[in-house]
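Read through the structure below, which is laid out as structure tokens, and then see the notes.
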Amino acid sequence: MEKTNVMRILDQKKINYNSYYYGDTDAVSGIEVAKVLKQDDNQVFKTLVTVSVSKKYYVFMVPVACELNLKKAAKSVGEKSISMIPLKDLLPLTGYVHGGCSPIGMKKNFPVIIHQSAKNFSSIIFSAGKIGYQVDVSVSDLASLLSCQFSDIVEGGEI
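Residue numbering for the sequence shown follows this note's numbering, starting at 179 and increasing by one per position.
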């Protein structure tokens, strides 16, 4: 298994992680990835990039089985409203492609908001910055690396 930039950054910061490779499977969606990795889909997170009406970018991490609630997300960052960025803007803005987007190692540092359910786990699993690769990082290490906040940002009730 090759090292991704995310893994190199984690190594450089001396942050422990486990890595997973699923590139030799048919898994596409986050739920499929969790199933292939035999992981709890509440512990596997997807990374979503948004833009506010004030043209600021925000990164949200939610469990793969959940949908980001744009109203709750906007409220969590003090914005009137936000929307998902157009897919064509993802690579130029972040350096990542759809399906391989990680909150670690983006071209610029954007505010990161993680769904509060992440605190129910000692670690969460998310993209290692390349399709087919995931990393499992402790929530406390991730929070200190990204200086992120935790908030209720998903559709529906608690997980």
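A virtual CB, placed ideally from N, CA and C, is assigned to each residue, including glycine. On a predicted model such as this, the values are computed, not experimentally measured, just so you know.
*Report the residue from SER301, SER322, ALA321 whose alpha carbon sits nearest the alpha carbon of GLN312.*
Here the question's residue 312 lines up with position 134 in the sequence shown. The option with the nearest alpha carbon to GLN312 is SER301.
*By Cβ distance, which residues of its chain are closer than 7 Å to PHE299, with the 5 residues on each side in sequence left out?*
The count along the sequence shown starts at 1 and reaches residue 299 at position 121. The beta carbon of PHE299 sits closer than 7 Å to those of GLN221, VAL317, all from its chain and outside the five residues before and after it, given in chain order.
*Counting along the chain, where does the beta strand (DSSP E) carrying ILE187 start and finish?*
Counting from 1 along the sequence shown, the entry for residue 187 is found at position 9. DSSP places ILE187 outside any beta strand (DSSP E); the residue lies instead in the alpha helix (DSSP H), whose first and last residues are 183 to 190.
*Could you spell out the range, first to last residue, of the alpha helix (DSSP H) harbouring SER305?*
One-based indexing of the sequence shown puts residue 305 at position 127. Where SER305 is concerned, there is no enclosing alpha helix (DSSP H), although the beta strand (DSSP E) it sits in stretches over 301 to 305.
*So, using beta-carbon positions, are HIS293 and ILE331 closer together than 8 Å?*
As a working mapping, residue 293 is identified with position 115 in the sequence shown. As a working mapping, residue 331 is identified with position 153 in the sequence shown. Taking 8 Å as the Cβ cut-off, HIS293 and ILE331 qualify as a contacting pair.
*Answer yes if the region 179 to 196 comes into contact with the region 301 to 310, meaning at least three C-beta pairs across the two stretches below 8 Å, and no otherwise.*
A contact exists between the region 301 to 310 and the region 179 to 196.
*Out of THR228, LEU323, ILE291, state which residue places its alpha-carbon closest to the alpha-carbon of ASP267.*
The sequence position of residue 267 within the sequence shown is 89, counting from 1. Between ASP267 and the set THR228, LEU323, ILE291, the nearest pair of CA atoms involves THR228.
_Rounded separation between LEU323 and TYR195 - CA only_ = To locate residue 323, count along the sequence shown from 1; it is residue 145. To locate residue 195, count along the sequence shown from 1; it is residue 17. The alpha-carbon atoms of LEU323 and TYR195 are separated by roughly 13 Å.
*Three or more C-beta pairs closer than 8 Å, one from the region 232 to 244 and one from the region 279 to 290: is that the case here?*
Contact between the region 232 to 244 and the region 279 to 290 is present, because at least three Cβ pairs lie under 8 Å.
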